[in-house]
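Visitor:
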Amino acid sequence: MNFKLILNIAIHLLRARLKQSIVAAVGVTFGIAMFITLVSFMHGLNNMLDELMLNRTPHVRLYNEIKPTEHQPVFLSEQYKKSVNFISSIKPKDRGKDIYNSKAIIHYLKQDSRIIDVAPKITTPVFFNSGTIEISGVVYGIDAVAEEKLFRLSDYIIEGNISDLTQNNSIIIGKGLADKMMLKRGDILKVTTAKGNLASLKVVGITQIGIAELDNTMSYTSLSTAQKLLGAPKSYITDIQVKLHDITMAPALAKEFSAKFNVDAIDYQTSNSQFETGSTVRSIISYAVGIVLLIVAGFGIYNILNMMIFEKMDSIAILKATGFSGNDVKWIFILLSMVIGAAGGLFGLLFGFIFTSIIDVIPFSTAALPTIKTYPIDYNSTYYFVGITFALSTTFIAGLFPALKASKVDPVEIIRGK
Amino acid sequence: MISKVLETKKLSKFFYDPVKFQVLKEIDMSISSGEFVSIVGKSGCGKSTLLYLLSTMDTDYEGELFINDELVTGKTDKEFASIRNEKIGFVFQFHYLLTEYNVLKNVMLPGLKLGKLSEEEIEYHAMEHLRTLDMHEQALKMPNQLSGGQKQRVAIARALINKPLIIMGDEPTGNLDHKNSNLVFDIFQKLAIEHKQTLLIVTHDNDFATKTNRIITMEDGKIIK
Ligand SMILES: Nc1ncnc2c1ncn2[C@@H]1O[C@H](COP(=O)(O)OP(=O)(O)O)[C@@H](O)[C@H]1O
Ligand SMILES: [Mg+2]
């Protein structure tokens, strides 16, 4: 088969029906442009939300879970080793939330080349006292420098400064809390711990994460202030937050650390599984819409090709009479369809790029995402590659059936018919 | 021994629609290289049908067909296509040029399909054929800008482009006035004499037929003379 000749014939046939061909190509253009726009936009959103969660969530978190001891004393007994032992009414053991030997663990983790950095944290429930009312909440004792490095906390501080936490007995509270208790910077806030310790802390800042539940309950202090509040020693830490170079390694590393340090460990993927589902659904929607639009365009091409073949019966008969085989004729029409697909598809990519560029500059601001100013777009060459592949494969399929019909045209019938 | 360009053995053809009907009845014939043969017969006697079988465009028949002493009956669609491309030049009653291409490209197309020569060489040969048919000045015109006689000359040039074993024509002058008919006949005769081109032409024009080497007369699906 002489590809150049076949393509040349396809293009000549197409030129004879230029208007219809353009209409068909516009259908493909529209489908591909919509696909590119949707996918880029949806993935932009996905990435933005991923980043949002990634910024706030450690890739691996080490902590102590409240749970019963796994190895009960009876398992150690020689006498009952071969028996099946039933133990009822086991109560969880109080190992304390403190991570044992946390200093050494942190030191060790910081050496690990797979890890970007580590941030220690103390999580403790408290009551915030406002007059006679007690509001339950959480205090996070953090290492301001490490926390800023890993989670860019300052992005969410709307008043004050993260470095103010280095002052003794200072606290940064959520906007919801501040509003409820009518607190502003410089005010004093009374805090009661679960064990009954009372402390007065100075409000040095206000955070707004954009999730009401968090903004209404949480607050940050320094590690030392939190330890003082709990009456705990200098080494007391309840969480070690780890950020990795490669997030996909999180589940494996969580297991490794858990075994090595004898603590509980949870990875990003496990703690955000519901989040992944949302991302997947958004991807599916954008692909589905793109495919549906292309199928519609495909039917358009199918119709136009059928019409063209009907009009070009004479030409088909002549080609066959002068030595083109059914296969050649088939490829002429498939290529004709794919030329429409390629032209329409390339314009579709171009328009898709233009549309996404327009969306990219539309202002979009939300309290939850202080760093985002415009709608997010993910410019990724993969989508363009997928787009053109879609365009070519749809037009190939749309062209295939009319082309098969054309290949079966009996020249004798046409020539006799005159 | 003169080689046989075309030979049939008991060639029969049936049509089934609307009723079973035998158009061609066990036709035995042969055409030798360099012959200029005409087929005559009443309208409806099966001349066109025979020509479509001989040209391999219609492959639904009984009996055997030899081209250049080779049995071609039962070959594949692709093989028939290349036989038509390389060995047979066909001229129809209604010129049948591709309206999408100009005259020159129409003539070149079977040559490009064959792909034995470069595009430049094919173009050169196409121009030569157009020149001998006095059509070289119209080479860049589109088919719809030509008269019927001119179109038919272009079709002849196209039939010649791959130096076929045989040129077949189905009433190639049937749609032309007297002057143009003579012109086309002169072209065929010139090809036969000067180039030893084998020709098989169906015609209902007795003047035309008598001027050829041999006349095959058909009646009712049989060759009677
Ligand atoms: N497709 C067909 N189906 C049925 N009968 C046909 C068909 N084509 C031709 N015929 C019949 O076959 C006979 C021979 O036709 P044809 O070969 O065209 O005759 P000619 O060319 O000698 O005038 C005619 O009677 C015609 O009606
Ligand atoms: Mg006829």
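Sequence lines, in order, name chains S and W.
Under UniProt numbering, think of the first position of the first sequence as 1, with each following residue one higher.
Under UniProt numbering, think of the first position of the second sequence as 1, with each following residue one higher.
Positions of the beta carbon are idealized from the N, C-alpha and C atoms, including for glycine.
1) In the DSSP assignment, find the unbroken beta strand (DSSP E) run with S:Thr192 in it and report its ends.
2) For chain W, find out if any of its Cβ atoms is closer than 8 Å to the Cβ of S:Asn303; answer yes or no.
3) Answer with yes or no whether the minimum CB distance from W:Asn77 to chain S is below 8 Å.
4) Quick one, are the C-beta atoms of S:Leu161 and S:Gly205 less than 8 Å apart?
5) Between the beta-carbon of W:Val23 and the beta-carbon of W:Gly169, is there less than 8 Å?
6) Please report the residue range of the alpha helix (DSSP H) in which W:Glu123 lies.
7) Taking 7 Å as the limit between beta carbons, can you name the residues of its chain near W:Glu171, skipping five residues before and five after?
8) Strictly below 7 Å CB to CB, what residues from chain S border W:Asn85?
9) How would you write the range of the alpha helix (DSSP H) that W:Lys105 sits in, first residue to last?
10) Look up S:Tyr63 in the DSSP assignment and say whether it is helix, strand or coil.
11) When the cut-off is 8 Å and only beta carbons count, does S:Leu5 lie next to chain W?
12) Any residue with its Cβ nearer than 5 Å to a heavy atom of ligand 1 should be included. What is that list in chain order?
13) Mapping DSSP to helix, strand and coil, what is S:Ala254?
14) Would you check if the region 100-120 of chain S and the region 231-245 of chain S touch, i.e. whether three or more CB-CB distances between them fall below 8 Å?
15) Let me know the secondary structure DSSP gives S:Leu350 once reduced to three states.
16) Does DSSP put S:Thr22 in a helix, in a strand, or in coil?
17) Go ahead and label W:Glu7 buried or exposed: buried means 16 or more other beta carbons lie within 10 angstroms of its beta carbon, across all protein chains shown.
18) What did DSSP end up calling S:Glu276 once you bin it into helix, strand or coil?
19) Assuming S:Gly387 contacts S:Ile334 (C-beta within less than 8 Å), just tell me the rounded distance between them.
20) W:Glu171: beta carbon under 7 Å from a heavy atom of ligand 2?
21) Within the same chain, show all residues whose beta-carbon is closer than 8 Å to that of W:Ser181, passing over the 5 residues directly before and after it, in chain order.
22) Keeping to the same chain, check which residues put their C-beta closer than 7 Å to that of W:Val107; ignore five residues upstream and five downstream.
23) Can you find a CB in chain S that lies within less than 8 Å of the CB of W:Phe90?
24) Can you tell me whether W:Val40 is buried or exposed, with buried defined as 16 or more other CB within 10 angstroms of its CB?
25) For S:Val412, which residues in chain W fall below 8 Å Cβ to Cβ?
26) Using the Cα positions of S:Leu183 and S:Val28, report the straight-line distance between them to the nearest angstrom.
27) Check the DSSP bridge columns for W:Arg214 and list the partner residues they point to.
28) Assuming the contact rule is C-beta atoms closer than 8 Å, S:Ile414 and S:Asp328 should be a hit. Round their C-beta distance to whole Å, please.
29) Against chain S, with Cβ distances strictly below 8 Å, would W:Arg158 count as a contact?
30) Measure the CB-CB distance between S:Gly31 and S:Val296 and report whether it falls below 8 Å.
31) Going by DSSP, which residues form a beta bridge with S:Ile211?
32) Rounded to the nearest angstrom, what separates S:Leu305 and S:Ile354 at their Cα positions?
Guide: In brief:
1) Where S:Thr192 is concerned, the enclosing beta strand (DSSP E) stretches over 188-193.
2) Answer no: the Cβ-Cβ gap between S:Asn303 and chain W never drops below 8 Å.
3) The sequence as given places Asp at residue 77 of chain W; Asn does not occur at that position. With 8 Å as the cut-off, W:Asp77 counts as an interface residue toward chain S.
4) The sequence given here has Asn at residue 161 of chain S, not Leu. The criterion of a C-beta distance shorter than 8 Å is satisfied by S:Asn161 and S:Gly205.
5) Contact flag unset, no.
6) 119-132 is the span of the alpha helix (DSSP H), which, as asked, contains W:Glu123.
7) Once the five neighbours on either side are set aside, the close Cβ partners of W:Glu171 are Gln93, Val202, Thr203, His204.
8) Ordered by position in chain S, the residues that pass the 7 Å Cβ test against W:Asn85 are Thr322, Gly323.
9) Its alpha helix (DSSP H) spans residues 103-114.
10) S:Tyr63: strand per DSSP, three-state reduction.
11) Chain W, which has a Cβ nearer than 8 Å to the Cβ of S:Leu5, makes this yes.
12) One residue after another in chain order, those with a Cβ under 5 Å from a heavy atom of ligand 1 are W:Phe15, W:Val23, W:Ser43, W:Gly44, W:Cys45, W:Gly46, W:Lys47, W:Ser48, W:Thr49.
13) Note: S:Ala254 maps to helix in three-state DSSP.
14) The answer is yes - the region 100-120 of chain S touches the region 231-245 of chain S, with three or more Cβ pairs under 8 Å.
15) S:Leu350 falls in the helix class under three-state DSSP.
16) Before going on, a small fix: residue 22 of chain S reads as Ile here, not Thr. In the structure shown, the three-state DSSP call for S:Ile22 is helix.
17) With 16 or more other Cβ atoms from the protein chains shown falling within 10 Å of its own Cβ, W:Glu7 counts as buried.
18) Here DSSP, grouped into helix, strand and coil, assigns S:Glu276 to helix.
19) Distance from S:Gly387 to S:Ile334 at the Cβ level is roughly 20 Å; contact not present, criterion being Cβ atoms closer than 8 Å.
20) For W:Glu171, the Cβ falls inside the 7 Å cut-off from some heavy atom of ligand 2.
21) By the criterion of a C-beta distance shorter than 8 Å, W:Ser181 is surrounded in its chain by Thr173, Asp205, Phe208, once the five residues flanking it on both sides are discounted.
22) If we look at W:Val107 and ignore the five residues flanking it on each side, its Cβ neighbours are Ala126, His129, Leu130, Val154, Ala157, Arg158, Ile161.
23) Nearest CB-CB separation between W:Phe90 and chain S: below the 8 Å threshold.
24) Per the 10 Å Cβ criterion, buried.
25) Taking a Cβ-Cβ cut-off of 8 Å, the neighbours of S:Val412 in chain W comprise Tyr52, Met57, Asp58, given in sequence order.
26) The alpha-carbon atoms of S:Leu183 and S:Val28 are separated by roughly 59 Å.
27) Looking at the DSSP assignment, W:Arg214 forms a beta bridge with W:Val37.
28) Taking C-beta atoms under 8 Å as the contact rule, S:Ile414 and S:Asp328 fail to qualify, at a distance of about 16 Å.
29) So, interface residue.
30) Their beta carbons are under 8 Å apart, which means S:Gly31 touches S:Val296 by this criterion.
31) Answer is none; S:Ile211 lacks a bridge partner.
32) Their backbone Cα atoms lie some 30 Å apart in a straight line.
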